[in-house]
DNA sequence: ATGAAAGCGCTAACAA
DNA sequence: TTGTTAGCGCTTTCAT
């Protein structure tokens, strides 16, 4: 049989409560007995039973990590998520928390999974790894007053939610400015699906930068349907951009690919700056000049924030903004200033 | 307060044991009372408490998923892992199991995490998502007689472990044969770190194919240190291979990149066939001809196997081999047969 | 077919 | 400073 607190108590010749207190290093217990008890624990190889603790405590030291469903920007394809999970793992290991995972093929499945985890008291709180507009999962969390932190920008309830994010608007602005500083003046923007808030904000940042520089702002371009491609083509021939801000590294790879097919060289003919600094950035030349958003830091902060919040729920709803930086590589050409 | 089994019992006017039995749809309870009890549950919005069930049952319906540590072929970079996790999630949702994650920056940290999960009875069993030679984690699992299934080939205890794998040797052979069938006769092999068993097996498959065809077998090449590059260079100039079997898609991308730098065109001058059919295969042209190993299937089978095993531990230690197939794309050139 | 009651392993209020 | 004991919510044996 497994060794329980009773066995330890008997072995040490004390009461179970003494053992329990020793476990949490309570100041009520004298050092001498603590030592005695610890010896007994070591001798018997005792480890507290989680379920029993949870039951008595009404707290599981585990946090639920919610992955996006496969349909929205398939996470299986996006290395950022695993990186975040790993980082959350590191923080959790440190703080002796456990990670439970919520995934699903559909939003309903995901919601069921989240609901189950919560109702059955499997987790104390959640980390929502993505941010979408009108997300039913977030709605559920919010309405159930379930503790969670959001990685990304909240579309609603902004003042009532804990979140971690970059300053995405600034991120978009800085990327654009990078192009500006390199002498580009005709700059386009290629985005992802518009339901992602990030995208919207980055575009706004792009606009801010160009407006400030008194340059022409172009509408957001897409790169999915064949209509998009035609639109892109037209944009290129009509406006002859020398620089493109692209919402994501992977997308930038596609864009680079497409341009090369059209015999437009990157960066000689068109420069590219993208976001995330993911694996994709350094896969093949020209390596991508990209904005590093420090995903690991994002994840780490998220984990620390939720754990902190669970321990002291009275804390004010704080948000933390993680800085970003441009990583210069090979897709931005320095234009001849006096050309 | 949360609604417990007692509340339901009171509401339905029965004993708690009756409610408990209704929960598991026990044949001991009459349909009529079941209906009554279910109505009460629905009315109160009852959900059983996991911790309490675990405590009474000595079983958590959760399985631990073990990710490799960051040092070995950094998983954060490898999209396969997330894909597997997602797939495991699907199976778990279906079977009402939960997923707990074990990660770590170092092997020690990872082992601690695994040990904790097990000792504190947080999980019933594990899925080990990777297979390395002399893996201390696996040793721990094996020696502790902890239920687990391995994704990949076991280096030891082969007959005493549940595992899911491809026939990796065949995989290597088929890849090589693909090149052979396309008229290639000078074929090299580029591998990953040799501690990975997969790699070793694929190389053996490569050798098998060439031996059978009576062609020259070259030693396994690496692609990491600068010495490796020199070795590769020498290999190219001395042997003038027309085809290369590359252990992984991502690696193939690097190889393709390198070759292009050397003004060797893929596939016109050198053909490439790799493994995994991951995101990397279709990122940029020429798209990779690659062996699809059906990771999702691997993960799915792993989840089903461990769950099955947990429910019926008497089952014989089975292994399941998932089939593979070559996905033809753009990196293998059909050689002129009558050249 | 149903109920009463004794655990499962741990915590914490209360007593000493 | 330490012990006694009543839960935490559920399962299951043993009665009935």
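Residue numbers (UniProt numbering), protein chains in the order written: chain G, 1 to 339; chain U, 1 to 339.
Just so you know, even glycine gets a beta-carbon here, dropped at the ideal spot from N, CA and C.
Item: Residue-level contact to chain U via CB, residue 285 of chain G, 8 Å cutoff; Value: yes
Item: Closest residue to residue 9 of chain U among U:28, U:33, U:26 (Cα-Cα distance); Value: U:33
Item: For residue 163 of chain G, the residue or residues it bridges with in DSSP; Value: G:150, G:319
Item: Own chain residues within Cβ distance below 8 Å of residue 301 of chain G, not counting five before or after; Value: 164, 320, 322
Item: Inter-stretch contact (C-beta, 8 Å, three-pair minimum) for the region 88-102 of chain U and the region 53-69 of chain U; Value: yes
Item: Contacts around residue 4 of chain U, its chain only, beta-carbon distance under 6 Å, and the 5 residues preceding and following it disregarded; Value: none
Item: Beta-carbon gap between residue 151 of chain G and residue 129 of chain G smaller than 8 Å; Value: yes
Item: Alpha-carbon to alpha-carbon, residue 118 of chain G and residue 53 of chain U; Value: 15 Å
Item: Whole-number beta carbon distance between residue 123 of chain U and residue 140 of chain U, since they are thought to touch under 8 Å; Value: 14 Å between Cβ atoms; not a contact.
Item: Anticipated Cβ contact below 8 Å, residue 201 of chain G with residue 168 of chain G, distance rounded; Value: 4 Å
Item: Chain U contact for residue 50 of chain G (CB, 8 Å cutoff); Value: yes
Item: Residue 196 of chain G - DSSP class collapsed to helix/strand/coil; Value: strand
Item: Identified DSSP bridge partners for residue 66 of chain G; Value: G:102, G:128
Item: Residue 191 of chain U burial status per 10 Å Cβ neighbour count (16 or more: buried); Value: buried
Item: Residues in the region 97-110 of chain U having any Cβ partner in chain G nearer than 7 Å; Value: 98, 99, 100, 101, 103, 104, 105, 109
Item: Residue 263 of chain G burial status per 10 Å Cβ neighbour count (16 or more: buried); Value: exposed
Item: CB contact below 8 Å: residue 232 of chain G versus chain U; Value: no
Item: C-alpha distance - residue 243 of chain U paired with residue 126 of chain U, whole-angstrom precision; Value: 40 Å
Item: Minimum C-alpha distance to residue 287 of chain U - residue among U:277, U:293, U:294, U:296; Value: U:277
Item: 6 Å CB neighbourhood of residue 250 of chain U in its chain, flanking five on each side removed; Value: 280
Item: Backbone CA spacing between residue 18 of chain U and residue 60 of chain U [nearest angstrom]; Value: 22 Å
Item: Same chain, Cβ closer than 7 Å to residue 74 of chain G, neighbours up to 5 away in sequence not counted; Value: none
Item: Cα-Cα separation between residue 237 of chain U and residue 259 of chain U, rounded to whole angstroms; Value: 12 Å
Item: Where residue 94 of chain G falls: helix, strand or coil (DSSP); Value: helix
Item: The region 241-261 of chain U: positions lying closer than 9 Å to chain G by Cβ; Value: 250, 253, 254, 256, 257, 260, 261
Item: Between the CA atoms of residue 41 of chain U and residue 292 of chain G - distance to the nearest angstrom; Value: 51 Å
Item: Assigned exposure category for residue 162 of chain G - 16 Cβ within 10 Å defines buried; Value: buried
Item: Euclidean distance between Cα positions of residue 231 of chain U and residue 218 of chain U; Value: 12 Å
Item: Alpha helix (DSSP H) runs wholly inside the region 1-44 of chain G, at least 4 long, in chain order; Value: 5-12, 16-23, 31-44
Item: Nearest-angstrom Cα separation, counted from residue 303 of chain U out to residue 209 of chain U; Value: 33 Å
Item: Buried versus exposed call for residue 120 of chain U [16 or more other C-beta atoms within 10 Å across all chains shown]; Value: buried
Item: Cβ neighbour criterion (16 or more within 10 Å) applied to residue 25 of chain U; Value: exposed
Item: Proximity below 8 Å, CB of residue 271 of chain G to CB of residue 179 of chain G; Value: yes
Item: Cβ pair residue 335 of chain U, residue 159 of chain U closer than 8 Å; Value: no
Item: Chain-ordered chain U contacts of residue 117 of chain G [CB-CB under 8 Å]; Value: 98
Item: For residue 196 of chain G, the nearest candidate out of G:51, G:328, G:7, G:131 (CA to CA); Value: G:131
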